[in-house]
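Below is one structure, written out as structure tokens; the observations come after it.
2 protein chains.
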Amino acid sequence: MITVNPCLPSMPNSYLFAEVARRRKNAEAMHRERRLISLGIGDVSKPLPQAAVRALHAASDEMGAEATLKGYGPAEGYAFLRSAVCAHDYATRGVTIYPEEVFITTGAKETVAQFQWLFDRSCIAAVSDPVYPVYAETNAMAGRAGQWNGQEWERLVYLPCLPENDFMPMPPDQQADIICLCSPNNPTGTVMTRSALEAWVRYARERHALIFFDAAYEAFITDEAIPHSIFEIEGAREVAVEFRSFSKTAGFTGLRCGYLVVPQEVSVPTPDGSPVNLNALWKRHQDTCFNGCSYPIQRAAEATYSPEGQKQCRIVIESYLANAAAIRKGAGAAGLRAYGGINAPYVWVETPGRMPSWDFFDLLLTKGGLVCTPGAGFGPHGEGYVRMTAFATAEDTAEAMDRLLALSGSFPA
Amino acid sequence: MITVNPCLPSMPNSYLFAEVARRRKNAEAMHRERRLISLGIGDVSKPLPQAAVRALHAASDEMGAEATLKGYGPAEGYAFLRSAVCAHDYATRGVTIYPEEVFITTGAKETVAQFQWLFDRSCIAAVSDPVYPVYAETNAMAGRAGQWNGQEWERLVYLPCLPENDFMPMPPDQQADIICLCSPNNPTGTVMTRSALEAWVRYARERHALIFFDAAYEAFITDEAIPHSIFEIEGAREVAVEFRSFSKTAGFTGLRCGYLVVPQEVSVPTPDGSPVNLNALWKRHQDTCFNGCSYPIQRAAEATYSPEGQKQCRIVIESYLANAAAIRKGAGAAGLRAYGGINAPYVWVETPGRMPSWDFFDLLLTKGGLVCTPGAGFGPHGEGYVRMTAFATAEDTAEAMDRLLALSGSFPA
Chain H
505 MITVNPCLPS MPNSYLFAEV ARRRKNAEAM HRERRLISLG IGDVSKPLPQ AAVRALHAAS
565 DEMGAEATLK GYGPAEGYAF LRSAVCAHDY ATRGVTIYPE EVFITTGAKE TVAQFQWLFD
625 RSCIAAVSDP VYPVYAETNA MAGRAGQWNG QEWERLVYLP CLPENDFMPM PPDQQADIIC
685 LCSPNNPTGT VMTRSALEAW VRYARERHAL IFFDAAYEAF ITDEAIPHSI FEIEGAREVA
745 VEFRSFSKTA GFTGLRCGYL VVPQEVSVPT PDGSPVNLNA LWKRHQDTCF NGCSYPIQRA
805 AEATYSPEGQ KQCRIVIESY LANAAAIRKG AGAAGLRAYG GINAPYVWVE TPGRMPSWDF
865 FDLLLTKGGL VCTPGAGFGP HGEGYVRMTA FATAEDTAEA MDRLLALSGS FPA
Chain L
505 MITVNPCLPS MPNSYLFAEV ARRRKNAEAM HRERRLISLG IGDVSKPLPQ AAVRALHAAS
565 DEMGAEATLK GYGPAEGYAF LRSAVCAHDY ATRGVTIYPE EVFITTGAKE TVAQFQWLFD
625 RSCIAAVSDP VYPVYAETNA MAGRAGQWNG QEWERLVYLP CLPENDFMPM PPDQQADIIC
685 LCSPNNPTGT VMTRSALEAW VRYARERHAL IFFDAAYEAF ITDEAIPHSI FEIEGAREVA
745 VEFRSFSKTA GFTGLRCGYL VVPQEVSVPT PDGSPVNLNA LWKRHQDTCF NGCSYPIQRA
805 AEATYSPEGQ KQCRIVIESY LANAAAIRKG AGAAGLRAYG GINAPYVWVE TPGRMPSWDF
865 FDLLLTKGGL VCTPGAGFGP HGEGYVRMTA FATAEDTAEA MDRLLALSGS FPA
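Residue numbers (the numbering used here), protein chains in the order written: chain H, 505 to 917; chain L, 505 to 917.
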């Protein structure tokens with residue numbers, strides 16, 4: 505008899521953003537006269553840079569002519585894009601990454617999910633808390649999280665990120681084998697300092713752990729002292745991989761492109777102790793399970809590195825950072841404490857009077873027509889906060905802050 | 505200490521087509537004066553239909569304008585494409601499939617690989633033999649294949665496809681829980697009859713098994729009696745899912761789009777016996793692990809269903825079928841027995857004098873500059889054959905057959 509992987513049905517019923525979308529739809533149906541404003545899901549509002557649009561057109565024509573058609577591409581991505589990544593995202597920061605270490609994918613979410621299967625179920629996974637839910641859930645699917653008790657996964661190590669530690673997860677006393685870090689962090693909008701990252705690299709080296717470093721939002725870093733990559737830290741090449749995405753940097757949420765860096769130095773043993781080169785193992789996985797990211801999409805990603813593309817991306821990023829500043833200010837005016845939003849497109853807003861985050865979410869949605877994301881959805885230490893994203897238009901962001909202010913009289917003290 | 509999933513490093517060193525590419529490269533380096541002709545990897549030579557190219561351009565412009573930008577799409581794909589699939593690929597054959605049962609993906613290979621993780625490791629998997637290697641290898645990655653003994657996976661059930669049974673796998677006496685069928689078959693180029701499919705549906709219902717039906721090549725079926733979909737068989741909705749692809753039907757190998765149909769009726773228990781709706785489970789998986797196929801690519805796929813797109817696809821398919829006929833004829837003229845190629849873009853050619861398939865592959869490559877794919881790479885019962893694809897240009901196919909004929913004097917009897 506066929507049976508399902510028991511780890512999957514044990515998951516909470518719905519993915520966070522699917523639940524947000526469901527409540528949003530209900531609220532829309534009840535108040536058809538009012539336009540909802542969403543600072544909820546982190547989706548972009550600015551169009552694709554024109555440099556990328558032009559590259560899409562050119563690649564589409566190539567696909568339509570026999571002489572220039574591109575069929576199956578390399579599973580690891582085209583050399584032109586892997587080289588551009590090395591030159592623009594790493595060499596510019598003094599970091600040497602080789603094209604053979606870069607794997608082009610269809611996005612960070614997809615990559616995180618698939619990368620999980622490379623590791624044994626017995627590994628202990630640690631996640632920043634709160635964090636993008638995909639880290640906890642894909643570890644759970646891979647059998648490493650134990651049971652969901654309604655609030656948290658029993659076998660997952662949560663690394664609390666709170667005002668007390670400037671929202672920086674710190675190495676625990678206990679053993680963790682897989683460590684999921686995200687800086688700039690989604691959802692708190694805060695960053696990890698160089699010394700915090702150094703502490704993690706030390707921990708990983710001592711404990712034979714592997715760091716999954718999510719740098720999807722590095723382009724939003726404004727503070728020059730903050731590392732953009734885990735590979736800016738000495739010793740990281742043996743103990744870390746890095747996930748990146750074109751989604752927020754270049755408006756690719758609907759196009760789908762990202763990459764994973766796996767340095768040649770990472771060696772991970774099998775449970776019986778034979779060393780395995782992780783780069784080679786992932787290459788083998790990709791050869792078998794993936795036929796490469798769409799060619800026109802890879803050309804569009806390459807175009808974001810052109811001088812014109814870089815300029816266009818920068819303008820968009822600045823505009824989102826301006827929104828983040830407006831949200832910080834607006835939250836303050838409404839009497840709410842806000843964190844993040846300086847080196848990231850997310851603002852982490854404390855709920856008034858310690859209100860549960862889903863309650864505050866419902867209040868903003870039903871009374872103000874304002875969509876955010878409840879912090880509890882990002883992990884147990886996300887309770888008491890909501891996430892507001894800076895990806896709406898400037899007009900919508902301003903209107904959202906007006907609505908927040910108007911509602912603030914009804915907030916509990 | 506972090507450890508890798510022990511199922512992965514136990515895999516044979518390289519993926520079949522990576523090994524073919526490696527030997528091809530060596531041969532190219534040794535004979536720089538000679539142009540290689542590839543009837544090897546099943547990659548298309550005809551460009552994307554112009555209807556799809558036009559759709560790509562239009563969607564690229566949408567992505568470049570604020571009013572029409574598409575961000576994150578639904579994980580299951582856009583309704584416009586799911587509806588088009590139901591109307592054009594199923595309703596036209598009298599089969600009712602609902603849009604909620606269609607999941608748009610980035611291609612059949614990716615989908616097969618990810619779908620494996622839904623099932624328990626204890627399940628027994630059966631694969632047509634020979635078959636597209638991804639079925640065996642992704643079952644192995646998911647822990648269901650046991651050890652690789654150098655020729656086969658010890659725990660996999662192989663369903664021999666030989667001239668004696670018209671290359672149609674038949675239900676075994678033993679229990680199999682996951683059954684991977686592919687018709688038209690890659691690599692043999694043969695098809696399964698209605699009665700063979702009925703026998704499998706009966707088996708699956710009696711044994712509580714699930715059929716993974718790969719119909720990626722259904723557009724090449726010329727015999728009107730042959731089903732294009734497992735869902736043309738009564739009772740299949742409870743026991744089958746179907747993988748499809750735009751790769752060969754519409755020249756999408758480099759664009760990446762496919763879909764999976766999971767009927768609402770499929771229920772699979774957990775190991776402790778609780779029933780799980782497979783459609784809902786896969787939806788949950790996709791919500792967590794996937795952000796949808798690229799929007800412009802989905803628009804291009806939709807355009808292949810337009811009257812113009814259908815006409816353009818048909819012309820290309822007919823041209824590949826003409827190549828297949830030329831290969832059958834050319835193989836015969838060279839004294840080789842050939843199968844398939846009438847309802848499929850593949851011809852399955854018996855090696856001369858029972859020569860091992862990698863040896864015949866090397867002979868054609870080094871002496872004739874002709875690339876095919878050795879049958880042994882598709883499973884133990886592929887030994888003694890090579891696969892030739894009909895996806896090259898008509899000129900290259902003709903030239904390949906001339907070279908085959910010229911070499912035939914040196915074939916062993």
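Using N, Cα and C, we set each Cβ at its ideal position, and we do this for glycine too. None of these values were measured; they are calculated from a predicted model.
Whole-angstrom distance between LEU869(L) and GLU523(L), CA atom to CA atom
The residue labelled residue 523(L) in the question sits at position 19 within the second sequence. The residue labelled residue 869(L) in the question sits at position 365 within the second sequence. Here the C-alpha atom of GLU523(L) lies approximately 13 Å from the C-alpha atom of LEU869(L).
Taking only the alpha-carbon atoms, compute the straight-line gap between ALA680(H) and ALA729(L) and give it to the nearest angstrom.
As a working note, residue 680(H) is residue 176 in the first sequence. As a working note, residue 729(L) is residue 225 in the second sequence. Spanning the two alpha carbons is a distance of roughly 58 Å.
In whole angstroms, what is the alpha-carbon distance linking SER542(H) and GLY836(H)?
Here residue 542(H) refers to the residue found at position 38 when the first sequence is read from its first residue. Here residue 836(H) refers to the residue found at position 332 when the first sequence is read from its first residue. If I take the Cα positions, the gap works out to 19 Å.
Under 7 Å, do LEU560(H) and SER798(L) count as touching if we go by C-beta distance?
Residue numbering aside, residue 560(H) sits at position 56 when the first sequence is read from its first letter. Residue numbering aside, residue 798(L) sits at position 294 when the second sequence is read from its first letter. Going by C-beta atoms, LEU560(H) is not nearer than 7 Å to SER798(L).
Candidates ASN689(L), ASN530(L), ILE682(L): closest to PHE882(L) by CA position:
Taking the second sequence and counting its residues from 1, one reaches residue 882(L) at position 378. Of the candidates ASN689(L), ASN530(L), ILE682(L), the one whose C-alpha sits nearest the C-alpha of PHE882(L) is ASN689(L).
Counting beta carbon pairs with one atom in the stretch 573 to 590 of chain H and one in the stretch 580 to 595 of chain L, are three or more of them shorter than 8 Å?
no
Enclosing alpha helix (DSSP H) for ILE819(L) [first to last residue]:
Counted from its first residue, the second sequence places residue 819(L) at position 315. DSSP places ILE819(L) in the uninterrupted alpha helix (DSSP H) bounded by 811 to 837.
Relative to the C-alpha of LYS613(L), which residue among THR642(L), SER626(L), TYR582(L), TYR602(L) is closest?
In the second sequence, the residue the question calls residue 613(L) occupies position 109. Here the closest residue by C-alpha is THR642(L).
Closer than 7 Å by C-beta to ASN509(L): which residues in its own chain qualify, once you throw out the five before and the five after it? Chain order, please.
Taking the second sequence and counting its residues from 1, the one referred to as residue 509(L) is at position 5. Cβ within range, chain order: n/a, list empty.
With distances taken from CA atoms, which of PHE521(L), LEU520(L), ARG558(L) is nearest GLY813(L)?
For the purposes of this step, residue 813(L) is identified with residue 309 of the second sequence, where counting begins at 1. For the options PHE521(L), LEU520(L), ARG558(L), the alpha carbon positioned closest to that of GLY813(L) is the one of ARG558(L).
How about the stretch 693 to 713 of chain H and the stretch 856 to 876 of chain H: do they share at least three Cβ pairs that are nearer than 8 Å?
No, the stretch 693 to 713 of chain H is not in contact with the stretch 856 to 876 of chain H.
Give the interface partners of GLU614(H) over in chain L, defined as CB-CB distance under 8 Å, in chain order.
As a first step, residue 614(H) must be located in the first sequence, where it is residue number 110. Within chain L, the residues near GLU614(H) are CYS793, PHE794, ASN795.
So what's VAL631(L) in DSSP terms, helix, strand or just coil?
Within the second sequence, residue 631(L) is the residue found at index 127, counting from 1. Strand, per DSSP.
Within its chain, find whatever has a CB closer than 8 Å to the CB of MET674(H); leave out the 5 residues flanking it on each side and keep chain order.
Locating residue 674(H) in the first sequence gives position 170, counting from the first residue. Within the same chain, MET674(H) has close Cβ partners LEU663, ALA700, ALA703.
When the cut-off is 7 Å and only beta carbons count, does ARG815(H) lie next to chain L?
Your numbering for residue 815(H) matches position 311 in the first sequence. It should be pointed out that residue 815(H) corresponds to Lys in this sequence rather than to Arg. Not an interface residue.
Any idea if LYS529(H) is buried or exposed, counting beta-carbon neighbours within 10 angstroms, 16 or more meaning buried?
Taking the first sequence and counting its residues from 1, one reaches residue 529(H) at position 25. Burial call: exposed.
At a Cβ threshold of 7 Å, is ILE801(L) touching chain H?
By 1-based counting over the second sequence, the position of residue 801(L) is 297. Yes, ILE801(L) counts as interfacial toward chain H.
Show which residues of chain L have a CB atom less than 7 Å away from the CB atom of PRO551(H).
For the purposes of this step, residue 551(H) is taken as residue 47 along the first sequence, with counting starting at 1. What PRO551(H) touches in chain L: MET567, GLY568, ALA569, GLU570, LEU573.
For the beta strand (DSSP E) that ALA744(L) lies in, which residues bound it at each end?
Taking the first residue of the second sequence as 1, we reach residue 744(L) at position 240. Element bounds for ALA744(L): 744 to 749.
Contact with chain L by MET892(H), beta-carbon distance below 7 Å:
In the first sequence, counting from the first residue as 1, residue 892(H) sits at position 388. Not an interface residue.
Sequence-distant residues of the same chain with beta carbon closer than 6 Å to VAL820(H), five excluded per side:
Position 316 of the first sequence, counted from the start, is the residue given in the question as residue 820(H). Result list for VAL820(H): LYS550, in chain order.
For PHE623(H) and ILE506(L), I'd like the C-alpha separation in whole angstroms.
Counting from one through the first sequence, the residue named residue 623(H) turns up at place 119. Counting from one through the second sequence, the residue named residue 506(L) turns up at place 2. Their backbone Cα atoms lie some 8 Å apart in a straight line.
Go through the stretch 740 to 804 of chain H residue by residue and report every complete run of the alpha helix (DSSP H) that reaches 4 residues or more, in order.
751 to 754, 782 to 793
Determine the closest residue to ALA569(L) out of ALA571(H), LYS574(H), LEU552(H), with distance taken between C-alpha atoms.
Position 65 of the second sequence holds residue 569(L). The residue with the shortest Cα to Cα distance from ALA569(L) is LEU552(H).
Inter-stretch contact at 8 Å, needing at least 3 Cβ pairs: the stretch 763 to 782 of chain L / the stretch 714 to 727 of chain H
no
Starting from GLY577(H), find everything on chain L with Cβ-Cβ shorter than 7 Å and list it in chain order.
As a position in the first sequence, residue 577(H) is number 73, starting the count at 1. Neighbours of GLY577(H) on chain L, chain order: GLY758.
Local conformation of GLY913(L) per DSSP, three classes
Translated into the one-based positions of the second sequence, residue 913(L) becomes position 409. GLY913(L) falls in the helix class under three-state DSSP.
Looking at the secondary structure, which residues open and close the alpha helix (DSSP H) in which LEU585(L) lies?
Numbered from 1 along the second sequence, position 81 holds the residue referred to as residue 585(L). Start and end: 583 to 589.
Taking the straight line between their C-alpha atoms, what separation do you get for ALA483(H) and THR893(H)?
For chain H, the structure presents residues 505 to 917; residue 483(H) sits outside this window and is missing.
Assumed close pair GLY886(H), PRO634(H) - CB separation to whole angstroms, cut-off 8 Å
Counted from its first residue, the first sequence places residue 886(H) at position 382. Counted from its first residue, the first sequence places residue 634(H) at position 130. The pair is a contact, with the Cβ atoms about 3 Å apart (cut-off 8 Å).
Pick out the complete beta strand (DSSP E) segments inside the stretch 848 to 889 of chain L, 3 residues or longer, and give them in chain order.
DSSP runs (the beta strand (DSSP E)) wholly in the stretch 848 to 889 of chain L: 850 to 854.
Leaving aside the five residues before and after PHE521(L) along the sequence, list all residues of the same chain whose C-beta is less than 6 Å from its C-beta, in chain order.
Here residue 521(L) is taken as the residue at index 17 of the second sequence, counted from 1. For PHE521(L), where only same-chain residues beyond five positions count, the Cβ hits under 6 Å are ILE545.
Compute the distance between the beta-carbons of PRO878(L) and PHE865(L), then report whether it is under 7 Å.
Here residue 878(L) corresponds to residue number 374 of the second sequence, with the count starting at 1. Here residue 865(L) corresponds to residue number 361 of the second sequence, with the count starting at 1. Closer than 7 Å, so yes.
Taking ALA754(L) as the reference, give the member of PRO513(L), GLN655(L), GLY598(L), GLN802(L) with the closest Cα.
Here the question's residue 754(L) lines up with position 250 in the second sequence. Of PRO513(L), GLN655(L), GLY598(L), GLN802(L), the residue nearest in Cα terms is GLN802(L).
Distance, VAL770(L) Cα to ARG788(L) Cα
To locate residue 788(L), count along the second sequence from 1; it is residue 284. To locate residue 770(L), count along the second sequence from 1; it is residue 266. The alpha-carbon atoms of ARG788(L) and VAL770(L) are separated by roughly 15 Å.
For a quick check, are the C-beta atoms of ARG659(L) and ALA649(L) less than 7 Å apart?
Locating residue 659(L) in the second sequence gives position 155, counting from the first residue. Locating residue 649(L) in the second sequence gives position 145, counting from the first residue. Yes, these two residues count as a Cβ contact at 7 Å.
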